[in-house]
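Structure first, then comments.
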Amino acid sequence: MRKSNNIVCIKAVTWSRDSHGLYDYESRSVHKRLIQAVNSINIVRSGTDVQPVSDFTNLNHMSDQSALCSLEHEKNEFYIIPNDTEPLWQVVRSMKCQYGSGYILKEGDIIKLGRVSFKITSLQAQDDRNLSDNTQDSEDIDCDVPNERENGVCKVCLFEDSDPGNPLISPCNCSGTMKYIHLLCLQKWLTLRMVSRSTENCITYSWKSIECEICKCPYPFSFCAKGHGTDLFKIERPEVPYLVLEAIAGDRNNNRAIHIISVTSKNSVKLGRGHDSDVRISDISVSRCHAIVKLRDGNFLLEDHNSKFGTLIKSKDRIHISSNNSVVVQTGRTVISMSLKSSTSPFDLGGDLDISLDEEISPLGKRSL
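This is the structure in structure tokens:
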């Protein structure tokens with residue numbers, strides 16, 4: 482295998498505590514490790530020690546080791562490859578864009594604040610009626626409708642009538658006389674379970690549970706019947722520009738929430754646990770003012786506000802390591818910074834580890850604890 486003209490400097494910092502896969506960016510109780518690579522390697526963690534290995538084959542037989550990510554060398558370029566079992570997240574506080582620090586949001590992005598994850602389901606920066614809204618598109622399903630030979634009866638109102646504006650649908654696993662329900666009957670029932678909360682810049686809709694009370698099947702947020710897509714939930718939309726955050730379910734009570742955030746060039750929107758946050762997230766891992774969303778030239782800019790457990794963007798593909806920027810990623814309780822150095826330049830291991838690692842990964846931010 483041909484070696485690269487560059488050396489990849491890999492700086493790994495692991496939090497000493499193992500808590501929900503979090504990394505505490507304010508903690509000094511961390512374990513540091515510096516690795517150099519000139520070819521493809523795999524990176525694993527054993528306890529708090531991060532080390533390179535040739536492959537992940539034997540990890541299943543070593544319970545104390547976990548695969549973190551891989552470094553791939555291809556045509557004199559280096560890429561960070563996510564592991565199949567552990568998500569790879571980019572650290573927003575270390576990211577750069579044309580507006581300075583931060584990350585420009587894109588539709589479909591998954592962001593993580595502390596241990597709480599959201600999906601960007603809609604970004605509307607301009608008034609274009611032809612723009613599609615993908616809110617809850619991950620749960621689109623095809624609903625059965627009665628055919629001409631079948632006599633469907635709504636299990637709520639017990640009527641058989643059906644029309645294009647109020648069809649009989651089968652959105653769950655019920656069968657027999659309980660199979661069908663009118664769209665409007667279901668929407669009315671779901672609306673009664675909806676709780677809304679408004680601030681100056683955000684409308685939040687939340688549900689305690691959205692499952693069928695008979696078969697316990699979760700209801701989709703949207704469905705397709707005879708080729709036509711319809712939302713089960715009627716959600717008010719503000720004037721553009723705005724974005725929609727969908728909370729990704731992860732709690733035992735199946736709580737769900739959608740945040741519709743209105744952002745203009747004159748305001749910034751705060752996300753956090755504090756009472757003055759526009760988007761309030763009631764989780765102890767979320768800082769009082771955790772992150773900020775701004776509008777810049779029609780782009781939605783996400784910035785971390787020195788949060789304790791970080792603001793992260795889920796990596797969907799491999800990440801290229803360029804010569805002018807380091808890449809900082811988090812996987813579990815380990816944060817890894819990778820940067821390129823010329824193989825002909827002097828390289829002081831100790832000084833670079835002690836200074837650059839703290840600057841890139843662990844800037845202290847006490848104000849938003």
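Plus 481 on top of the position in the sequence shown (first one is 1) and you've got the working numbering. All C-beta atoms, glycine included, are put in the ideal place defined by N, C-alpha and C. Since the model is a prediction, treat every value here as computed from it, not as a measurement.
With at least 16 other beta carbons inside 10 angstroms of its own, K600 counts as buried. With three or more CB-CB distances shorter than 8 angstroms, the region 491 to 500 counts as touching the region 804 to 820. Assigned with DSSP and collapsed to three states, T658 falls in helix. Look at L664 here: in three-state DSSP terms it is helix. Around the CB of Q579, fewer than 16 other CB atoms lie within 10 Å, so the residue is classed as exposed. The beta carbon of I684 lies closer than 6 angstroms to those of I741 in the same chain, with the five residues before and after it left out.
Collapsing the DSSP output to three states places R678 in a strand.
In this structure, the beta-carbon distance from N564 to L549 falls below 8 angstroms. Here the alpha carbons of L782 and R754 stand approximately 20 angstroms from one another. CA-to-CA, the gap between T711 and V767 works out to about 34 angstroms.
Within the model, the alpha-carbon separation for F559 versus K795 is close to 19 angstroms. Assigned with DSSP and collapsed to three states, V721 falls in coil, not helix or strand. C770 and N748 have their C-alpha atoms some 15 angstroms from each other.
Judged by DSSP secondary structure, P533 falls within the beta strand (DSSP E) whose first and last residues are D530 to V534.
With contacts defined by Cβ atoms closer than 8 angstroms, Y504 and F790 form a contacting pair.
L671 sits close to F714, with the two beta carbons spaced by under 8 angstroms.
L793 is positioned such that its CB atom lies closer than 8 angstroms to that of V572.
Counted as a single uninterrupted DSSP element, the beta strand (DSSP E) harbouring P563 occupies residues E558 to P563. In the three-state DSSP reduction, K795 falls in the strand class (E or B). Distance from K689 to Y661 at the Cβ level is roughly 25 angstroms; contact not present, criterion being Cβ atoms closer than 8 angstroms. Counting of Cβ neighbours within 10 angstroms places R674 among the exposed residues, the total staying below 16. With a 10 Å radius around the Cβ and a threshold of 16 neighbouring Cβ atoms, E784 comes out buried. Rounded to the nearest whole angstrom, the CA to CA distance from G581 to G528 is 36 angstroms. Within the DSSP secondary-structure output, C550 pairs in a beta bridge with I524 and P563.
Inter-residue distance for I695 and I762 is about 31 angstroms (C-alpha atoms, whole angstroms). I691 and M819 have their C-alpha atoms spaced approximately 43 angstroms apart. DSSP places V494 in the strand class (E or B) of the three-state scheme. For E588, the CB contacts under 8 angstroms within the same chain, skipping 5 residues up- and downstream, are I601, T602, S603, L604 and N615 in chain order.
Judged by their CB atoms, P722 and V750 are not nearer to each other than the 8 angstroms cut-off.
Annotation: C705 to N654 spans about 16 angstroms, alpha carbon to alpha carbon. In this structure, S746 lies near L776, with their beta-carbon atoms less than 8 angstroms apart. Within the same chain, and ignoring the five residues on either side of C666 in sequence, the residues whose Cβ sits closer than 7 angstroms to its Cβ are C635, V637 and C638. According to DSSP, residue pairing for L726 in a beta bridge involves I601 and H740.
In summary, N632 is exposed, with fewer than 16 beta-carbon neighbours lying within 10 Å of its beta-carbon over all protein chains present. When V511, V525 and I488 are compared, the shortest CA-CA separation from W496 is found for V511.
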